[in-house]
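Notes for the one structure printed next.
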Amino acid sequence: GAGVSQTPSNKVTEKGKYVELRCDPISGHTALYWYRQSLGQGPEFLIYFQGTGAADDSGLPNDRFFAVRPEGSVSTLKIQRTERGDSAVYLCASSRSGGADTQYFGPGTRLTVL
Amino acid sequence: KNEVEQSPQNLTAQEGEFITINCSYSVGISALHWLQQHPGGGIVSLFMLSSGKKKHGRLIATINIQEKHSSLHITASHPRDSAVYICAVRIGTGNQFYFGTGTSLTVIP
């Protein structure tokens, strides 16, 4: 596609529920990043994929968070047993091959946990 | 601990003014990224720098590796420049970018 897309744009869920957030990167980009942005803060790194593998998942806050990219393109961020503190905008970015390549960001998914 | 500090946090300018936004970082980096985020909108990449200076239209970005400092300049500012400007750094050869909290710019007509 022309840019990075994310779905849904907004997600409201109840505490304890499971959610999945989807990211479609720019076609041909091998690197994919997930970030979380809380109100008034800069984005915070969660996980980085190079191809199908999670090359760096050191930013995932705990084991309730998991992400996959089974075919090296679309990625899904999965959050189990959601908590109110998980409420944030979840951003996805892709770059041609990672490293210092320019990252292109999606519009984000606003997650609200009630 | 915040590896990236931006100043000012908020900035209001009159249309036409020259604007400078600063970014300081505390560790060695291999790249620095300036990003623009409009309210309710996505993040757009402005510049990726590892040394020197880059210019695109009315935007100029500079970096001083020795001083661990970068500046983003906007010449002849316009209300459509109103946005949050975010600095992000790549530390060493790692995969993570560390982001500042952003500078919120409002340009008044």
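Chains A and B are the protein sequences, given in the same order.
Straight run, no breaks: the first sequence in our numbering ends on number 166.
Straight run, no breaks: the second sequence in our numbering ends on number 111.
The C-beta atom is built at its ideal place from N, Cα and C for all residues, glycine as well.
*Since residue 96/A sits in a beta bridge, which residues does DSSP pair it with?*
88/A
*Bounding residues of the beta strand (DSSP E) (the contiguous stretch that carries residue 107/B)*: 105 to 110
*Does residue 60/A have its Cβ less than 8 Å from a Cβ in chain B?*
no
*Count the other CB atoms within 10 Å of the CB of residue 107/A; is the residue buried (16 or more) or exposed (fewer)?*
exposed
*For the region 22 to 49 of chain B, which segments carrying the beta strand (DSSP E) assignment without a break, of at least 3 residues, lie completely within its bounds, in sequence order?*
31 to 39
*Interface residues of chain A facing residue 33/B [CB-CB closer than 7 Å]*: 152
*Using the C-alpha atoms, what's the distance from residue 51/B back to residue 21/B?*
19 Å
*asked:* Runs of 3 residues minimum, wholly inside the region 71 to 105 of chain B: which ones carry the beta strand (DSSP E) assignment?
replied: 71 to 76, 85 to 93, 99 to 101
*Whose CA, out of 92/A, 140/A, 61/A, 120/A, lies closest to the CA of residue 102/A?*
120/A
*Just reading off the beta strand (DSSP E) that residue 72/A is part of, what are its end residues?*
71 to 76
*Span of the beta strand (DSSP E) around residue 105/A*: 105 to 108
*asked:* Check for me: the beta strand (DSSP E) holding residue 154/A runs from which residue to which?
replied: That residue, residue 154/A, is in no beta strand (DSSP E); it is neither H nor E in DSSP.
*Do the region 128 to 146 of chain A and the region 10 to 21 of chain B make contact, defined as three or more Cβ pairs closer than 8 Å?*
no
*Compare the Cα-Cα distances from residue 136/A to each of 56/A, 59/A, 63/A and report the closest residue.*
63/A
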